[in-house]
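Q:
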Amino acid sequence: MTPQHKSWLQLAPLTLVLLLFVAVPLVFVVIVSFFRSDGFDTIPAFSLENYTALLSSSLTLSLYLKMIKYALMTWAVSLVVGFFVAYFLVFHVRNRSVAIGLFLLCTVPFWTSNVIRMISWMPVLAEQGVINSALLALGLIDTPLRILLFSDFSVVLAYVHLFTIFMIVPIFNSMSRIDRKLFEAARDAGAGRFKTLMLVVLPLTNSGVVLGSIFVVTLVMGDFYVVKVMSGGGSASVVSAMYDNVSTLLFPPAAASAVILLLILTVLIVVLTRFVDVRQELVQRS
Amino acid sequence: MKHEIDTPASLENADRRGLLKAAASVAGAALAGVPSIGFPQIMKRDFQGITLRHIGVSYAVQREIGEQASKDLGFKIEMQNLDTSASITRFVTQPNSVDIADMEGWQVKVAMARGLLQGIDSKKIKEFDGILPIFTTGVYEGRKISRQGISPYEVMYTDGPEAKKIVEGQQPWLTFLPQVFNADSLGYRPDKVGREVTEWKDLIDPKFSGRAAILDIPNIGIMDAAQALESRGDLVYGNKGNMTRKEIDITINALIELKKKGHFRASWSTFEQSVELMASGEVFIQSMWSPAVTAVLEKGIPCIYAPVAIKSNGKEGYRGWCNGMSLMKHLSGKKLEAAYEYLNWYYSGWQGAYVARHGYYSPVPRTAKSQMTSAEFDYWYLGKLAADIIKSDHGQPIAVVGSVRDGGSLAQRFSNIACWNTVMDENQYMVQRWNEFKAA
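Those protein sequences? They're chains V and Y, same order as listed.
Quick note: the first sequence, position 216, residue 215 per numbering that gives the first Met the number 0, numbers continuous.
Quick note: the second sequence, position 85, residue 84 per numbering that gives the first Met the number 0, numbers continuous.
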């Protein structure tokens, strides 16, 4: 057996798994997206009507605009929070095991389910919730703030809460691989703390930031549940519209919508990965 | 039981059932292995190792009912819950992973179009003649039931064991066996609303701006909206359960306008959400299910299920629904026999009493009656004054002596159905427009 054969053999299991569980289902989705549906049954056909209906509808545009708005807001907040949490963990906590301990602490919310974490926001944000009661008691407001719950604010808040960890991890990873000698050099060259942050840390954590952004943006774009619950059903997303289709067995339009979303996400990821060498990111630099 | 003695096989079944009753009454002893009577034990061994998967929405397919059935029948009933859309998707995409599909009338229509079911032999259903005529003949209290939307009567019968198509009018074979039903209406907080609500238009009354919520399951949410618009006098629908594109447009445009004015505080898609919205005081008036009102009352918070009986001008009326059990095509042999045992157990009274205490109804009230106190039956089914403190199934008192159930008796509710849960011919268009309302 030549080494080449050997590597093919080693690749085979993963390739099979990917083909079977990723590629094949995707092909089915693409095929079904051309089918027709009469409300009770799905009819095999080759028809572009699902696509033309989707692409010519103002609903699609408004759903995507809403989704982009949520994605950008969540991305911006989680980037700032994620960056500084990682920065603190890597550069301010001297003891490595304490840093790792704190890092693990960041993952604690993930020990409970998404649903519970999200629903636990309700008693905090509701009209008679913690925040409103506190503000009322302090005399800062005289009527409860209703914008806290069932609004864009609560949706983005839940997203940030859920997804910031996906920003922290890759940034933490990039930062901890920055050679400490660079800081000494920066100080010798007369750079202050802020200048070092801007000129040394930021450029070297670029790849972590891009990876984190990919995670956060794709998670927001694929969500339907958070938006449904936190907006109190007052807002829809691309995927929740898809879900409403599936719920009455309109599989073909849902499949077409999935294909379009997939294409958009693929383009987005291709563009973003031009800024980062994932392979390089995974190799341990010494 | 007369129609059961025509073949030896069904004779055997009838015998089994008789013994089953005896078995149920001594269930504890029999399960403990005390051979108080021999035959039920043999019967139980017959079905040993059989597991039936009964799948459907949480309010219809309840774990406690499955546990009781397993105990009484001696074989395992596994209850699995999915939401409305996930369950119909499961029935369609993985029919062999389901034994008994729990469906609403409109879902039966979908399942029949795809050939997923087998006919249920009505002769093997002991209490078949005890089923309310709402379902079997489509006439109730001397009135033909509403045919707006998809009534259970309309989809109940099929042509034979193969269940090739839905046949209207009484037939010996059934597509589904109704098991739990109710009428949906508005729910409101009397302490916040301050007056009686008996009309759907109150849902869209500007007085409740920012304090109203609507049901976010497109095919039935739009009917609640239609009821409100019709009540306000905006238009009269040809069929609220099967709207034309124009009617859909008018309805959705009105909803969007209301939403832009900030009328809706939220919309809900699960039972629990509706309870939470009402109990927390975020919402004063909303589309609501009768048991959700009960659940709010259980928390000690006042809540009323609006009695929206049909008025003399023909407006108002409840939105009715009914869940029933269907046998999936793949069932055969012993498993099919076990399924019939289970269907018959369902009609034997325990389930009817159980669901009544949650505010629902069983299609066979006469057996449910045998498992309830007379005060309970009078309160829940007959709409009479509570002769005793009425407790929920969890033992919480929910009605004081002398109070009466909102909406009155079963007969009052069900002779006042305006429309039934449905799927429209213009469903695809409707869902798209509904999403425009959501995204607005």
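The beta-carbon is built from N, C-alpha and C at its ideal position, and this holds for glycine as well.
Indicate whether V/Ala75 and V/Met220 have their beta-carbon atoms separated by less than 8 Å.
A: No. Outside cutoff.
Q: Going by the DSSP bridge assignment, what does Y/Pro205 pair with across the sheet?
A: Its beta-bridge partners do not exist; DSSP assigns none.
Q: Identify whether Y/Ile49 lies in helix, strand or coil by the three-state DSSP scheme.
A: The answer is coil: DSSP assigns Y/Ile49 none of H, G, I, E or B.
Q: What does V/Glu48 touch in chain Y if you count any residue whose Cβ is under 9 Å from its own?
A: By Cβ distance, chain Y contributes nothing, its closest Cβ being about 10 Å from V/Glu48, past 9 Å.
Q: Apply the 10 Å Cβ neighbour rule to Y/Lys437 and answer buried if 16 or more other Cβ atoms are within range, or exposed otherwise.
A: Buried, since its Cβ has 16 or more Cβ neighbours within 10 Å.
Q: Identify the contact partners of V/Phe149 in chain Y, using a Cβ-Cβ distance below 8 Å as the criterion.
A: Ordered by position in chain Y, the residues that pass the 8 Å Cβ test against V/Phe149 are Arg264, Ala265 and Glu281.
Q: What residues in the segment 66-85 of chain Y bring their beta carbon closer than 9 Å to a beta carbon of chain V?
A: The residues in question are Asp82, Thr83, Ser84 and Ala85.
Q: Are the CB atoms of V/Ala255 and V/Phe171 nearer to each other than 8 Å?
A: Result no, Cβ atoms of V/Ala255 and V/Phe171 do not sit closer than 8 Å.
Q: Using a Cβ cut-off of 7 Å, pull out every chain Y residue sitting near V/Gln3, in sequence order please.
A: Per Cβ cutoff of 7 Å: no residues; V/Gln3 is ~42 Å from chain Y at best.
Q: By a C-beta neighbour count over all protein chains shown, 10 Å radius and 16 as the cutoff for buried, is Y/Met371 buried or exposed?
A: By the neighbour-count rule (16 or more Cβ atoms within 10 Å), Y/Met371 is buried.
Q: Just the chain V side, please: which residues come within less than 9 Å of Y/Ile247 by C-beta, in chain order?
A: In chain order: nothing, as chain V lies at least about 14 Å away.
Q: Classify Y/Met423 as helix, strand or coil using the three-state DSSP reduction.
A: Correct three-state label for Y/Met423: coil.
Q: Check whether chain Y comes within 8 Å of V/Glu126, counting only Cβ atoms and requiring the distance to be less than that.
A: At least one chain Y Cβ lies under 8 Å of V/Glu126.
Q: Quick one: grab the DSSP three-state call for Y/Met0.
A: Reliability fails at Y/Met0, whose pLDDT of 37 lies under 50, so the model's placement of it is uncertain and no value is given.
Q: Run through DSSP, which three-state label would V/Asn94 get?
A: Looking at V/Asn94 - three-state DSSP - the assignment turns out to be coil, as it is neither helix nor strand.
Q: Roughly how many angstroms lie between the CA atoms of V/Ser173 and V/Leu203, to the nearest whole one?
A: Taking the straight line joining both Cα atoms gives about 7 Å.
Q: Can Y/Leu116 and Y/Lys334 be called in contact, C-beta distance under 8 Å?
A: No. Outside cutoff.
Q: Can you list, in chain order, the residues of the segment 162-175 of chain V whose Cβ is nearer than 8 Å to any Cβ on chain Y?
A: Listed by position, the residues of the segment 162-175 of chain V near chain Y (Cβ gap below 8 Å) amount to none.
Q: Taking the straight line between their C-alpha atoms, what separation do you get for Y/Glu297 and Y/Tyr378?
A: Roughly 17 Å between the two C-alpha positions.
Q: Mind checking who Y/Met102 pairs with in its DSSP beta bridge?
A: Y/Met102 pairs with Y/Gly323.
Q: List the DSSP bridge partners of Y/Glu77.
A: Answer is Y/Arg52.
Q: Nearest chain V C-beta to Y/Gln431 closer than 8 Å, yes or no?
A: Chain V contact via Cβ: present.
Q: Since Y/Ala212 and Y/Phe263 should fall inside the 8 Å C-beta cutoff, what is the C-beta to C-beta distance between them, to a whole number of angstroms?
A: Their Cβ separation, rounded to whole angstroms, is 6 Å, which keeps Y/Ala212 and Y/Phe263 in contact under 8 Å.
Q: Pull up the distance between the alpha-carbon of V/Leu17 and that of V/Val200, whole angstroms please.
A: If you take the alpha carbons of V/Leu17 and V/Val200, they lie about 37 Å apart.
Q: So Y/Val154 and Y/Ser325 are in contact, right, with Cβ under 8 Å, and what is the actual spacing, rounded?
A: Going by Cβ atoms, the distance from Y/Val154 to Y/Ser325 rounds to 10 Å, so no, they are not a contact pair.
Q: What residues in the segment 211-222 of chain Y have a beta carbon less than 7 Å from any beta carbon of chain V?
A: Taking 7 Å as the Cβ-Cβ cut-off against chain V, the residues of the segment 211-222 of chain Y that qualify are Asp215, Pro217 and Asn218.
Q: Would you list, in chain order, the members of the segment 176-205 of chain V that have their beta-carbon closer than 7 Å to a beta-carbon of chain Y?
A: Answer in chain order: no residues at all.
Q: What does the Cβ neighbour count give for V/Phe82, buried or exposed, with the cut at 16 atoms within 10 Å?
A: Under this definition V/Phe82 is a buried residue.
Q: Answer yes or no: does any C-beta atom of chain V fall closer than 8 Å to that of Y/Ser268?
A: Yes, because at least one Cβ of chain V sits closer than 8 Å to the Cβ of Y/Ser268.
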